[in-house]
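Residue numbers (this note's numbering), protein chains in the order written: chain A, 7 to 246; chain B, 29 to 143.
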């Protein structure tokens, strides 16, 4: 198909799709006036039922915790697929050496590694109290490690994230999520039901299984991000 | 301008779709896909918004009477972002494979080689 023909087909189908889109949008609630009861009820009961202050975390790791299990496995599968596609084709231990020549980048970048990792871990740890959680904090923690590559060198990044350890962390994070679900079954409740001690609201020891699942997600997401970066950087650093 | 957030979602979706349809570079195509997916974040968050309400986080000292926006769509958006990252990484890995095998990154050039 020529470019012009393709643009024509696109134009016609996009126009049809756009009109359907606008038609669907007219059926949506007026902006700023959402009346969904589910969210409203969760907002009013999550604090007393689950002893957490961040209702989004309660939805992700408890009320809709089963959906998040699927999401964890989706992330896991995608990361494994990336590793399968890229790892297979590489051979040899020889790697290019890379040097960051700018002193400013080195100094500022290396200074930022520690604080970035700490912020990431903080966001994970307080996920069910304040804005944040395992997913957001996991990405920030991984970003701190990638800074090692950006500001120093690839060898430092590799040394800080050994492949065996990252693979193990990724499996453990996802496995722990499923294990918590099975533990709920053993405790005589439904899969992923919050059976742990709910603790005192507003403290780190609150939320019951929400806290455990939050930490497991943080581990899985941080490991997944490091693993993805690792595989792509390895492509650049291995001479062919 | 209460329709503006929905219009933004529509714009992001269609501008991304246009990019995918006319892309001349596979990495550019993945980026366009990410732009398309961003429209779903805007749409979800816009649907759950309630004027004058706060974020659904009730730390001590915040009066609960004010009320909050919908937490369910926010959780959905979180899932959405993770899916987007995972999908982008997987497609980019496929792009690397395509480049290794054919040495080409233009979708049109790939088609010509096969036929």
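Here a beta-carbon is modelled for each residue, glycine too, at the ideal position from N, C-alpha and C. Keep in mind it's a predicted model, so treat the numbers as computed, not measured.
I'd like to know whether the C-beta atoms of residue i and residue j end up nearer to each other than 9 Å.
i                      : j                      : result
residue 197 of chain A : residue 187 of chain A : yes
residue 84 of chain A  : residue 210 of chain A : no
residue 82 of chain A  : residue 140 of chain A : no
residue 127 of chain B : residue 118 of chain B : no
residue 84 of chain B  : residue 62 of chain A  : yes
residue 78 of chain A  : residue 185 of chain A : no
residue 239 of chain A : residue 100 of chain B : no
residue 160 of chain A : residue 107 of chain A : no
residue 133 of chain A : residue 229 of chain A : no
residue 23 of chain A  : residue 45 of chain B  : yes
residue 148 of chain A : residue 155 of chain A : no
residue 31 of chain B  : residue 31 of chain A  : yes
residue 138 of chain B : residue 91 of chain A  : no
residue 265 of chain A : residue 116 of chain A : Nothing about residue 265 of chain A can be reported from this structure: the residues present for chain A run from 7 to 246 only.
residue 20 of chain A  : residue 216 of chain A : no
residue 224 of chain A : residue 56 of chain A  : no
Where does residue i fall in DSSP's three states?
i                      : result
residue 17 of chain A  : helix
residue 60 of chain A  : strand
residue 208 of chain A : coil
residue 199 of chain A : coil
residue 78 of chain B  : strand
residue 95 of chain B  : coil
residue 136 of chain B : helix
residue 38 of chain A  : strand
residue 25 of chain A  : helix
residue 143 of chain B : For residue 143 of chain B, the predicted structure reports a pLDDT of 47, less than 50, and the residue's modelled location is therefore unreliable. A value from the coordinates is still provided. Looking at residue 143 of chain B - three-state DSSP - the assignment turns out to be coil, as it is neither helix nor strand.
Would you give the residue range spanned by the alpha helix (DSSP H) that residue i belongs to?
i                      : result
residue 50 of chain B  : 32 to 50
residue 223 of chain A : 215 to 243
residue 104 of chain B : 99 to 130
residue 65 of chain B  : 54 to 75
residue 85 of chain A  : 71 to 93
Below 6 Å CB to CB, which residues in the same chain sit around residue i once its five sequence neighbours on both sides are set aside?
i                      : result
residue 47 of chain B  : 60
residue 65 of chain B  : 112
residue 180 of chain A : 78, 82 and 226
residue 182 of chain A : 222
residue 76 of chain B  : 97, 98 and 101
residue 72 of chain A  : 198
residue 237 of chain A : 88, 89 and 92
residue 67 of chain B  : 37, 40 and 41
residue 231 of chain A : 145 and 148
residue 82 of chain B  : 94 and 96
residue 137 of chain A : none
Cutting at 7 Å between CB atoms, please list the residues of its own chain near residue i, excluding the five before and the five after it.
i                      : result
residue 208 of chain A : 59 and 135
residue 221 of chain A : 130 and 140
residue 143 of chain B : Bear in mind that the predicted position of residue 143 of chain B carries a pLDDT of just 47, short of 50, making it too unreliable to give a figure here.
residue 146 of chain A : 122, 125, 126 and 129
residue 35 of chain A  : 41
residue 195 of chain A : 201
residue 43 of chain B  : 63
Looking only at its chain, what residues have a beta carbon closer than 8 Å to the beta carbon of residue i, apart from the 5 residues adjacent to it on each side?
i                      : result
residue 104 of chain B : 72
residue 51 of chain B  : 57, 60 and 135
residue 233 of chain A : 85, 88, 89, 172, 173 and 176
residue 78 of chain B  : 95, 96, 97 and 98
residue 153 of chain A : 115, 116, 118, 119 and 122
residue 120 of chain B : 55 and 58
residue 34 of chain B  : 71 and 74
residue 191 of chain A : 197
- With a floor of 3 residues, list each beta strand (DSSP E) that falls wholly inside the stretch 108 to 187 of chain A, ordered by position along the chain. none
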